[in-house]
Every structure is written in C-alpha cells, then in structure tokens.
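One rule links them: number in the numbering used here = place in the sequence shown (from 1) + 26.
The block underneath contains the structure these notes are about, expressed in structure tokens.
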Amino acid sequence: MVLPREPAQHRPMANIESFPPDEASKAAAQGVPGTRVTPGVVSALDGPTLAGPEAAGALTLLHTTFVSNEGAQRAYRNFASMKADFRARPGFLRWLTFNDGPHGYALGLWRSPDDVTAFVAGAAHQSMVREQRERPFEHSQFAGVWAAHAVGRRMLYCEQCGAASATPATSCSRCAAPLHDPFSPR
C-alpha cells in the first residue's frame with residue numbers, strides 16, 4: 027500500500043549539516059597511498075606524479091551537502107573507493123576536500139580537460155553516479171570543470187638573499203643557494 031505524500035508545506039524541511047568522516051570512513055580514505063588528512067576538515071590526495079599547481083590545465087569543483095550522517099558516511103566511503111582510480115590516471119594531479127560549515131567542497135587539479143572527461147566516463151565515476159541516482163546519499167551536489175586560459179609561473183624565494191627563481195629550480199638564480207621545491211623529489 028502506498029501512502030499519500032504530505033503536502034510540501036507540512037513536511038519538515040531537511041536540515042543541512044556538516045558530517046565529518048567517522049573512524050571507518052577515515053580508515054577507508056587513509057588506506058590509499060598518497061592520502062594526507064589534516065586535523066579538522068581538510069584532506070588531500072596526491073596524483074601519481076609529483077607536480078605543482080602550475081601543471082594544472084583544468085580544475086574541477088564539487089559541492090555537496092548532506093542531511094544524514096548515514097548518507098555522508100556512504101559518500102565518504104564511495105569516494106575512498108574511487109581514489110585508486112584517480113591515482114591510476116596520469117593526468118590527475120591533486121584533490122583537496124574541505125568544508126565551509128555544512129557545505130562540502132572538493133577541488134581537483136588535472137593536466138587537461140580531456141583528463142577530466144576520461145575520468146568522468148570511467149567505470150569508477152559511473153558506478154558512484156549510478157548509486158547516487160538509485161540510492162541518494164547527497165542532499166545536493168554540483169560539479170563543474172574549468173579549463174585554464176592563463177597559467178602563471180610558480181616562484182621559489184631564496185631564504186639567503188630573498189631573490190625569486192622560477193620553477194623548476196634547484197638553486198637561487200642570484201646567489202646559487204640551494205632551493206627546496208616541495209613538488210620535486212628529494
């Protein structure tokens with residue numbers, strides 16, 4: 027027997043809240059090599075190769091909200107299962123997740139829009155989309171892709187003389203002091 031739905035004005039409004047990952051979701055996320063979790067609500071995933079932000083030719087922005095802890099935890103675990111797919115893609119550079127109150131955001135850095143398109147068409151992403159459609163875990167969701175039309179130079183600043191050197195650089199362009207680039211292997 028199907029019960030009639032209450033009129034919209036009588037149904038309680040969903041309260042969007044912030045739901046940090048629980049211990050099981052954290053363990054799933056941190057089980058993938060390259061995962062970094064900062065205390066609080068910021069986490070990051072490194073791509074398969076070390077590259078600075080100047081290598082990004084495309085950005086993805088994802089926005090989500092949740093109205094239940096169960097839905098939020100399913101979303102975190104679904105994303106954790108996709109992380110291995112991200113890291114297998116040579117065009118994937120970095121993924122950052124963070125919250126602004128009840129609003130969850132993710133920022134993805136990719137070498138090109140074609141790399142994003144290949145990920146979206148892939149089995150891991152399509153599986154998550156299918157689950158969201160069949161058994162929603164998000165209250166709201168937005169995703170967009172932006173192609174870089176101008177990419178600046180990343181600079182390293184010498185602690186000895188203060189001069190700026192454009193990357194890639196291993197030594198200061200003025201005084202030759204060694205420089206550490208956080209995106210170059212040591």
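Yeah, the Cβ is synthetic: ideal placement off N, Cα and C, and Gly gets one too.
- Counted as a single uninterrupted DSSP element, the beta strand (DSSP E) harbouring His89 occupies residues Ala84 to Thr91.
- Sixteen is the threshold: since fewer than 16 other Cβ atoms of the shown chains lie within 10 Å of the Cβ of Ser197, the residue is exposed.
- Asp111 carries a helical assignment under DSSP once its states are collapsed to helix, strand and coil.
- The region 171-189 and the region 98-114 do not touch, with fewer than three beta-carbon pairs separated by less than 8 Å.
- Of the other Cβ atoms in all chains shown, 16 or more fall within 10 Å of the Cβ of Pro47; this residue is therefore buried.
- Check the Cα spacing between Leu71 and each of Ala101, Ala98, Glu43 and Phe124: the tightest is with Phe124.
- Here Gly83 is buried. Its C-beta has 16 or more other C-beta atoms within 10 Å.
- Taking the CA atoms as reference points, Ala77 sits about 24 Å from Ala147.
- With fewer than 16 other CB atoms across the displayed protein chains lying within 10 angstroms of its CB, Phe168 is exposed.
- In the three-state reduction of the DSSP assignment, Ser153 falls in the helix class.
- Membership of Ala54 in the alpha helix (DSSP H) is indicated by the continuous run Glu49 to Gln56.
- When the Cα atoms are used, Thr61 and Gly134 turn out to be separated by approximately 14 Å.
- For Val68, the number of other beta carbons within 10 angstroms of its own is below 16, and it is reported as exposed.
- Nearest C-alpha to Thr86 among Ala192, Arg115 and Asp141: Asp141.
- A direct Cα-Cα distance of roughly 26 Å separates Ser138 from Gln158.
- When secondary structure is reduced to three states using DSSP, Arg137 falls in the coil class, being assigned neither helix nor strand.
- Around Ala192, the same chain offers Arg179 and Met181 as residues with beta carbons nearer than 7 Å, after the five sequence neighbours per side are excluded.
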